[in-house]
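At position 817 of the sequence shown the residue is numbered 1008 (this note's numbering), and the sequence of numbers has no breaks.
Structure first, then comments.
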Amino acid sequence: MVRYVYDFAEGGRGMAGLLGGKGANLAEMTRMGLPVPPGFIVSTEACRAFLATGAEPEGMSREISAHLSAVEAAAGRRLGHPDDPLLVSVRSGARPSMPGMMETVLDIGLDDASVLGLAEASGNERFAWDSYRRLVQMFGSTVMGVEASLFEEAMAVLKEARDAPDDMHLDARDLAELVEMFKKLIYDATGHDFPQSPAEQLRRAVLAVFRSWNGERARLYRRREHIPDDLGTAVTVQRMVFGNLGPDSGSGVAFTRDPVTGRPGLYGDYLPDAQGEDVVAGVRNTVALTELRRLDPHSYDQLRQYAQALESHYRDLCDIEFTVERGRLWMLQTRVGKRTAEASFTIAAELADEGVLTPDEALTRVSGDELARLMFPRFDTSATGPVLARGVPASPGAAVGAVVFDSATAVRRAATGEKVVLVRHETTPDDLPGMVAAQAVLTSHGGRTSHAAVVARGMGKVCVCGAGELRVHAGTRSFTTLDGIVVEEGTVISVDGTAGAVYPGAAPLVDSAVTRYLETGERSGDLTEAVAGALQQADAVRRLEVRANADTPEDAARARRFGAQGIGLCRTEHMFLGERRKLVEEMILARTDHQRRRALAALLPLQRRDFIGILAAMDGLPVTIRLLDPPLHEFLPDRTGLAVRIATAEARGGLPDPHDVELLEAVSRMHEENPMLGLRGVRLGLVVPGLVAMQVRAVAEAVVERTRAGGTPLAEIMVPLIGCVEELRLERDEVERVLAEVSAETGVPVRCPVGTMIELPRAALTAGRIAEQADFFSFGTNDLTQTTWGFSRDDVEAEFFSAYLDKGIFPASPFERLDREGVGRLVELATAEGRAAHPGLKTGVCGEHGGDPDSLHFFHATGLDYVSCSPFRVPVARLEAGRAALRPPADRVTGAERP
Ligand code: ADP
Ligand code: MG
Ligand code: MG
């Protein structure tokens, strides 16, 4: 027979799935012998059954009655008895903590008769009517669905009439009057009376808590925290204890350590003569816990002892809800407490130092996301002015600079040492130089995976995107805010990519000590010590190697300082931009072999120089160089721009620039409806004569030069967008031919592993064949996600992704977090079949997912050799790779409380 109700004494902290976090921890405290008002828990299973069928699960109410009788017997009082009533609270609580997202009803069991009994028994008439007032209010809004503000307004009107600054100044008569007003409010709004039967109150409250699982607030919260919708909430029914019995009573919250800094010592707030919900609701100002020590030293001492007991029992920072009833302390809730990223690291380190945690356990207590948060400089928010605009916090950090509206201006002004913020409607690959030069990027259009967002995150650059309230006028070089403020080019603004906010002027910055430590090794206090310890432990236990995606010697050097073990993706397309674009243009426009060869020959030494720099920065570590990938027309000017230029010239009666005409012809010829699926990747290499040979020669000659200089260059050549083995075989022949040529010419043997990206489903499905020709696989999970889902990343973001997220079709964008079921399955399959065909095949990931903790845990479980991510994510990936090695495959419920 299914069982739905459990007594506190039967539960424990391991049962949070069934009893909810709150119920399980109340049970745990009961077992520890702490003073917890007795009660019982209706399980999440009952909730799921109720939500599925809409009917009370069979037998549940019988079980509730039986458990209630036990609580009544222990208390020597009966629920709602007219003389001396027992009151209970009905509390929500799911497995993951969802603070304030669901409902709780206090003081169940009061009615028109028992309120008099309670007044009599407690000898405190005001208290009895205060409790009844609270019940009618909470029951009315939570259970009967009356607009909560109606009660608040009625109370405000009465306070006004009584000249009462807060609820403390209302007396028993006032409160009794309020109860009548509230009851009338309920009747007017619903056509029903507030129920006078305590049993009915209890039953309806339980069902209302079940329903609150699907309330709007709770659902939004779950979506944001990636909590599954099907867990359900448990309901805790518990004897009331009263903090509103006068000055020797009160309620409070406490942390066993400071949750902001992690410093040891009890920390919290207290509110005399109040019930628990008043503390957080802000109805009156709370006082510090030190005040409780003055008011009631005995209760304070007990609280401190219990806090210590909880911290050593849970071996972590705990938060606590408590109530003092006439000098007697009661514990009402505890859980492992939420904390800042800083506190997370320092507490884990401290507990490890105290020997409470092993170094491995300490590592499981911190996360890559927390580390990432600690790496960005921050604004001192106490000193910023009002916001200028808000947008999507796309790439965290804080940056200050003068507003510029195009890439060229950004580059020009930055070259003089000025700090600039690039503001665009949205960015395109053309804006790349400007993005590199800018401190931050601000766009009025596009979401978290828009071009601006993705590229900025890759570069570790601050970005706020989709600030829809901004009107960006690139023409007049200004933008307008919602309030009509016009910001001209050159005006200084501050961009907070962590909060998604933009401020006028230069907001003061606080530097990240953690980044300084990672860059220089300088330890400057508890926090950097803690981060160092966690990374050291992660490096000791992880199996996954961590490489970086880097295209310049500077990025390579930084990645190395951050602990990268090589470069997993060196894109060569960025090397074709800027001034070199002219040469690329010549190559594309060449009419004869001779012209093409001349253009390629001019590019060769430039490419070689790039590779020499990168191989030097990564000396002794592998550098995976990807052959040119994007469609060539990305290197040509914009088609419309050219057409307009030609038309204008003709309209003026003159002749258009013949170069423009030639370019337009080429651009039109090369125009593709779906460039993402067009002439790019290996296809380019196979049809554009001389391109691969030039790139491979540049690599090989760089290797020779570095070898001659006494270095250990470990270049690897990677072929993009392979769909079948034949493509790779042909391309590989060409690569080997050039390597042999350079070896023969120079007398220095150049051997580079040749591998391929796996970024098309067909490549994954035929990985066994492809592996015959590949020394390594690198999963390009960005393109693999695009091609598996049939999503064009740049298009879906703006159009329908937010609707998909709202509808819960996926919990997070598959471009941010690897879709394990689909894309992940291809990765698993290709890895297994590739290795079966080619033992020793090296496998890695170079998509953005390489730096995403959840995805990284999957890659670890799949047995890949390495992940590669942007330099700034390298420490994050190191940490998460360590955590992945310690844990069974990551729990997908990220919002869950820690065990
Ligand atoms: P939330 O999950 O929103 O914190 P709770 O179920 O913890 O909701 O309850 C809200 C407030 O009521 C808390 O401050 C809690 O301590 C208090 N409370 C809950 N049950 C009781 C009880 N039996 N006696 C006294 N106070 C209670
Ligand atoms: Mg609570
Ligand atoms: Mg790709």
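Every residue gets a Cβ at the ideal spot worked out from N, C-alpha and C, and that includes glycine.
Notebook entry, point to check: Between Leu520 and Pro273, which are expected to be in contact by the criterion C-beta below 8 Å, what is the C-beta distance as a whole number of angstroms?
Noted result: Not a contact, Cβ separation roughly 30 Å.
Notebook entry, point to check: With a cut-off of 8 Å, do at least 3 Cβ pairs link the segment 1030–1039 to the segment 977–996?
Noted result: no
Item checked: Exposure label - Arg194; buried when at least 16 CB within 10 Å -> exposed
Check: Got a sec: does ligand 1 put a non-hydrogen atom nearer than 7 Å to the Cβ of Arg364?
Finding: no
Check: Quick one: complete alpha helix (DSSP H) runs, 4+ long, within the segment 357–412?
Finding: 363–381, 389–403
Note to self: Suppose you measure from the CA of Ala1072 to the CA of Ala257; what does that come to, to the nearest Å?
What the structure shows: 50 Å
Margin query: ligand 1 and Val470: does any heavy atom of the ligand fall closer than 7 Å to the residue's C-beta?
Written below: yes
Checklist line | Rounded straight-line distance, which links the Cα of Ala1075 to that of Gly559 | finding: 11 Å
Next item on the list: Can you check the segment 442–503 for any alpha helix (DSSP H) of at least 4 residues that lies completely inside it and give the ranges in chain order?
Entry: 467–472, 480–486
Checklist line | Straight-line Cα distance separating Ser1059 from Ile173 | finding: Given a span of 192 to 1090 for the chain in the structure shown, any question on residue 173 remains unanswerable.
Next item on the list: Verify the contact flag: Glu512, CB atom, against every heavy atom of ligand 1, threshold strictly below 7 Å.
Entry: yes
Checklist line | Ser256: CB within 7 Å of a non-hydrogen atom of ligand 1 | finding: Not under cutoff, so the answer is no.
Next item on the list: Take Ala704 and list the residues in its own chain whose beta-carbon comes closer than 8 Å to its own, dropping the five residues that flank it on each side.
Entry: Ser715, Gly716, Leu718, Thr719
Notebook entry, point to check: Under a three-way DSSP split, which group does Arg430 fall into?
Noted result: strand
Checklist line | Any 3 or more C-beta pairs closer than 8 Å across the segment 426–436 and the segment 495–503 | finding: no
Item checked: Under the three-state DSSP convention, the category Leu700 falls into -> strand
Margin query: Check whether the segment 624–643 and the segment 577–589 are in contact - that is, three or more C-beta pairs closer than 8 Å.
Written below: yes
Checklist line | Coarse secondary structure for Lys773, derived from DSSP in three states | finding: helix
Margin query: Using a 10 Å radius around the Cβ and a threshold of 16 neighbouring Cβ atoms, would you call Gly283 buried or exposed?
Written below: Checking the sequence shown, residue 283 turns out to be Ser, not Gly. Buried is the call here.
Next item on the list: Look at the alpha carbon of Leu398 and the alpha carbon of Arg430, and state the distance between them as a whole number of angstroms.
Entry: 18 Å
Notebook entry, point to check: Which residues in the same chain as Gly804 place their Cβ atom closer than 7 Å to its Cβ, once the five residues preceding and following it in sequence are excluded?
Noted result: Pro744
Note to self: Please report the straight-line C-alpha distance between Thr898 and Leu855, rounded to a whole angstrom.
What the structure shows: Roughly 44 Å separates the two Cα atoms.
Note to self: Can you tell me whether Gly592 is helix, strand or coil according to DSSP?
What the structure shows: Three-state DSSP puts Gly592 in a strand.
Note to self: Suppose the cutoff is 8 Å on Cβ atoms and the five residues either side in sequence are ignored; what does the same chain contact list for Gly946 look like?
What the structure shows: Thr815, Glu907, Ile908, Met909, Val910, Ala965, Asp966, Phe967, Phe968, Ser969, Lys1033
Note to self: Once DSSP output is grouped into helix, strand and coil, what is the label at Gln524?
What the structure shows: Three-state DSSP puts Gln524 in a strand.
Notebook entry, point to check: Does DSSP put His862 in a helix, a strand or coil?
Noted result: The three-state secondary structure of His862, taken from DSSP, is coil.
Item checked: Whole-angstrom distance between Pro624 and Glu770, CA atom to CA atom -> Each residue's Cα considered, the two are about 11 Å apart.
Note to self: I want to check one thing, is the minimum distance from the CB of Pro389 to the heavy atoms of ligand 1 below 7 Å?
What the structure shows: Because no heavy atom of ligand 1 lies under 7 Å away, the Cβ of Pro389 does not count as near it: no.
Note to self: Between Cys915, Ala741, Leu768, Phe991, which has its C-alpha nearest Arg762's C-alpha?
What the structure shows: Ala741
Notebook entry, point to check: Of the choices Gly691, Gln727, Thr607, Val595, whose alpha-carbon is the least far from that of Thr667?
Noted result: Val595
Notebook entry, point to check: For Phe826, does the three-state DSSP call read helix, strand or coil?
Noted result: In the structure shown, Phe826 sits in a helix (DSSP, three-state: H, G or I).
Check: Are there three or more Cβ pairs, one per stretch, closer than 8 Å when the segment 372–389 is compared with the segment 295–307?
Finding: yes
Check: So Gly625 is in the alpha helix (DSSP H); what residue range does that whole segment cover?
Finding: 623–628
Next item on the list: Return yes when the C-beta of Pro550 is under 7 Å from any heavy atom of ligand 1, and no when it is not.
Entry: no
Item checked: Residue interval of the beta strand (DSSP E) (run including Val296) -> 295–299
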